[in-house]
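Colleague: So the protein lines, in turn, are chains E and W. At position 28 of the first sequence (counting the first as 1) the number is 17 in the numbering used here, and the numbers step up by one without a gap. With positions in the second sequence counted from 1, the corresponding number in the numbering used here is that position plus 227. C-beta atoms are modelled at their ideal positions from N, C-alpha and C, and glycine is treated no differently. In this text the structure is predicted, and so the values were computed from the model without any measurement.
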Amino acid sequence: MYSITARFNQIVFFTSWTLVVLSLLNQGTAYFFKTGKPTVDLKILSADKFQHYKATYYNGGATDWDQVTFKFSLEADFEPVYNWNLKQLFLYVNVHHEHQQKGYESDCVIYDKIISRPDDPSSWSTSSKLVLKNQRAEYPLKDIHKQLRNATVNFEVWIEVMPYVGYIRREKLGDFEYKMPQQYN
Amino acid sequence: MAEGQSDTFWKSLYIYFNEMDFESQLFVKKIYKIIILTVAIISFIIAFFLERFSVCVYSTIGSSVLCILVLAPAWPMWKKNQPNWQQANQQKQK
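See below:
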């Protein structure tokens, strides 16, 4: 404490240590309160542009495939997950389908969205509900083996929880089955 | 610095803010911890019930900035208890 730089140094790093301890307490107390599971409801409205595509340029060996673009509506309520340690949620819709005879499995993400939590808790009840109507999927579903006609695909809604302090974890919120059309349209 | 050359303005300002009494050094060493810890604990409890962690972080950082401005430089209030220096030895050059 005998010079100005020594005093400045001690105050700054003592403050940093208290902020580290407070952040760990922040993470620790958040687990005691809200650990519920959000509710979600997904309805597939249509499967558009379901065609047999052919490649027009060399793209690594895939010459033709089935491709479909979905339209869906999604309703979700994330209030059970909101606590003061949460920074944002990453929501994505995953399509899982299996080859009928050979046993291939494939996963494809067709839609994703970032939902950030506002700092002021008085607006949590309005900002925690998500309603998407007639939403077109961002990425199409492609199948190299051309087995999508009359197949049963599984729509999964996942959420990735990103806190301010702590581990990032993924949760599956729901499973929804859908039967693809019999012919191309 | 060579003898006979006076200090520049910035160096003498630095020397002024650098030197602090021994008793006030002990006082500063105790009090910055007390201030920052009480502000951190009270604002954490308040922020817990308001569910906003930013309140806690901003108030802790604000209290530390206040401590730096008041406690780190040697203001005149920290120079009140000077030690009793002995008389300078006048018999250097013989």
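#1: I want to verify the contact list: residues of chain E whose CB lies under 9 Å from the CB of residue 271 (chain W), in sequence order.
#2: Using a Cβ-Cβ cut-off of 7 Å (strictly less than) and excluding sequence neighbours within five positions of residue 270 (chain W), which residues of its own chain qualify?
#3: Looking at C-beta atoms only, is the number of pairs between the stretch 58 to 78 of chain E and the stretch 31 to 43 of chain E that lie closer than 8 Å three or more?
#4: Please name the residue in E:103, E:108 and E:67 whose C-alpha comes closest to that of residue 74 (chain E).
#5: Can you tell me the Cα-Cα spacing of residue 273 (chain W) and residue 280 (chain W), whole angstroms?
#6: Does chain W have any CB closer than 8 Å to the CB of residue -8 (chain E)?
#7: Return the first residue and the last residue of the alpha helix (DSSP H) that residue 252 (chain W) is part of.
#8: Would residue 295 (chain W) and residue -3 (chain E) qualify as a contact pair, given that the criterion is a beta-carbon distance under 8 Å?
#9: Run down chain E in chain order and give the residues with a C-beta less than 8 Å from the C-beta of residue 264 (chain W).
#10: In the DSSP output, which residue or residues are listed as bridge partners for residue 125 (chain E)?
#11: Could you check whether residue 76 (chain E) and residue 27 (chain E) sit closer than 8 Å to each other, using their CB atoms as the reference points?
#12: Tell me whether residue 137 (chain E) sits in a helix, a strand or coil according to DSSP, three-state version.
#13: Are residue 167 (chain E) and residue 40 (chain E) touching if we call contact CB-CB under 8 Å?
#14: Taking only beta-carbon atoms, is residue 178 (chain E) less than 8 Å away from chain W?
#15: Alpha carbons only, please: which of E:128, E:160, E:70 and E:90 is nearest the one belonging to residue 117 (chain E)?
#16: Could you tell me whether the Cβ of residue 236 (chain W) comes closer than 8 Å to any Cβ of chain E?
#17: Closer than 8 Å between beta carbons: that is the criterion. Which residues of the stretch 298 to 314 of chain W meet it against chain A?
#18: Is residue 286 (chain W) close to chain E, meaning its C-beta is less than 8 Å from at least one C-beta of that chain?
#19: State buried or exposed for residue 253 (chain W), treating a residue as buried only when at least 16 other CB atoms are found within 10 Å of its CB.
Modeller: If we stick to the structure as given:
#1: Within the second sequence, the letter at position 44 stands for residue 271 (chain W). In chain order: 11, 14 and 15.
#2: Here residue 270 (chain W) refers to the residue found at position 43 when the second sequence is read from its first residue. Contacts found: 282, 283, 286 and 287.
#3: Taking 8 Å as the limit for Cβ pairs, the verdict is that the stretch 31 to 43 of chain E does touch the stretch 58 to 78 of chain E.
#4: In the first sequence, residue 74 (chain E) corresponds to position 85, counting from 1. Checking every option, the nearest Cα to that of residue 74 (chain E) belongs to E:108.
#5: Here the question's residue 273 (chain W) lines up with position 46 in the second sequence. Here the question's residue 280 (chain W) lines up with position 53 in the second sequence. Distance between the alpha carbons of residue 273 (chain W) and residue 280 (chain W): 9 Å.
#6: Within the first sequence, residue -8 (chain E) is the residue found at index 3, counting from 1. Yes, its Cβ sits closer than 8 Å to a Cβ of chain W.
#7: Here residue 252 (chain W) refers to the residue found at position 25 of the second sequence. Element bounds for residue 252 (chain W): 249 to 277.
#8: Start at 1 with the first residue of the second sequence, and residue 295 (chain W) comes out as number 68. Start at 1 with the first residue of the first sequence, and residue -3 (chain E) comes out as number 8. Yes; because the gap between Cβ atoms is below 8 Å, this pair is in contact.
#9: In the second sequence, residue 264 (chain W) corresponds to position 37, counting from 1. Against chain E, the beta carbon of residue 264 (chain W) has neighbours under 8 Å at 7, listed in chain order.
#10: For this step, residue 125 (chain E) is matched to residue 136 along the first sequence. E:60, per the DSSP bridge assignment.
#11: Walking along the first sequence from the start, residue 27 (chain E) turns up at place 38. Walking along the first sequence from the start, residue 76 (chain E) turns up at place 87. No. Outside cutoff.
#12: For this step, residue 137 (chain E) is matched to residue 148 along the first sequence. Coil.
#13: As a working mapping, residue 167 (chain E) is identified with position 178 in the first sequence. As a working mapping, residue 40 (chain E) is identified with position 51 in the first sequence. Going by C-beta atoms, residue 167 (chain E) is not nearer than 8 Å to residue 40 (chain E).
#14: This structure does not reach residue 178 (chain E), given that chain E is present from -10 up to 174, and the question cannot be answered.
#15: Indexing the first sequence from 1 puts residue 117 (chain E) at position 128. When only C-alpha atoms are compared, the closest one is E:70.
#16: Taking the second sequence and counting its residues from 1, the one referred to as residue 236 (chain W) is at position 9. False, the Cβ-Cβ gap to chain E never drops below 8 Å.
#17: You won't find chain A in this structure, because its protein chains are E and W.
#18: Here residue 286 (chain W) corresponds to residue number 59 of the second sequence, with the count starting at 1. Output row for residue 286 (chain W): interface = no.
#19: Here residue 253 (chain W) refers to the residue found at position 26 when the second sequence is read from its first residue. The residue is exposed, with fewer than 16 neighbouring Cβ atoms inside 10 Å.
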